[in-house]
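*Asks:*
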Amino acid sequence: MVRMTRSKTFQAYLPSCHRTYSCIHCRAHLANHDELISKSFQGSQGRAYLFNSVVNVGCGPAEERVLLTGLHAVADIYCENCKTTLGWKYVRTCFESSQKYKEGKFIIELAHMIKDNGWTEGRAAGTRPQRWRGGGSGRGKGGLEMTRLDSLVTSNDPRGD
């Protein structure tokens with residue numbers, strides 16, 4: 001008799017020398033800051049970022065949805081570690097040629113991300129980021145400093161900090 005067991009999903013870790021975005025629910029790495037395309041997107045729960053590539057993310061089935069910029073074929077994406085829905089992947093943009101740049105790209109909502117590793121310098125003046133919800137030190141597991149993304153003031157530059 002063959003016994004089937006569920007295998008553990010391999011979790012990718014981005015280099016600690018890079019600024020990364022992590023899942024706010026389980027701290028799995030999601031994307032490198034260098035993969036950020038734009039901060040000017042709107043998700044179902046508020047602001048969202050567009051990334052060229054992501055890690056530790058699963059993809060559901062594609063379906064057509066009418067979004068703010070028109071009809072698109074998208075697939076929900078979720079954290080492979082904790083299974084929380086994070087946003088969506090643009091599978092195909094229908095009709096509008098100006099939207100083709102989104103195909104194959106990923107939207108992650110700020111409500112589900114934190115900044116991790118190397119984000120302490122360069123914050124906008126006058127901002128006071130909220131700290132990780134786990135003790136008064138402002139440090140999470142392993143002593144890494146984390147910042148909630150929805151508490152920061154950002155510039156209009158889609159590639160800026």
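In terms of the UniProt record's numbering, the sequence shown is residues 1 to 161.
Ideal Cβ placement from N, Cα and C applies to all residues, glycine included.
(1) Per DSSP, which one or two residues make a beta bridge with Glu63?
(2) What is the DSSP secondary structure of Tyr101, reduced to helix, strand or coil?
(3) Taking all protein chains shown into account, do 16 or more other C-beta atoms lie within 10 angstroms of the C-beta of Glu103, making it buried, or fewer, making it exposed?
(4) In the structure shown, what three-state DSSP assignment does Leu86 receive?
(5) If you compare alpha carbons, which of Ala62, Ala31, Asn52 and Asn56 is closest to Leu71?
(6) Closer than 6 Å by C-beta to Glu109: which residues in its own chain qualify, once you throw out the five before and the five after it? Chain order, please.
(7) Buried or exposed: which applies to Glu35, given that a residue is buried once 16 or more other Cβ atoms fall within 10 Å of its Cβ?
(8) Is the Cβ-Cβ distance between Thr84 and His25 less than 7 Å?
(9) Would a C-beta distance cut-off of 7 Å place Cys59 and Ala73 closer than the cut-off?
(10) Kindly indicate which three-state DSSP category Leu14 falls into: helix, strand or coil?
*Replies:* Put simply:
(1) Val74
(2) helix
(3) exposed
(4) strand
(5) Ala62
(6) Gly43, Gln45, Ala48 and Gly87
(7) Result: buried.
(8) yes
(9) Taking 7 Å as the Cβ cut-off, Cys59 and Ala73 do not qualify as a contacting pair.
(10) coil
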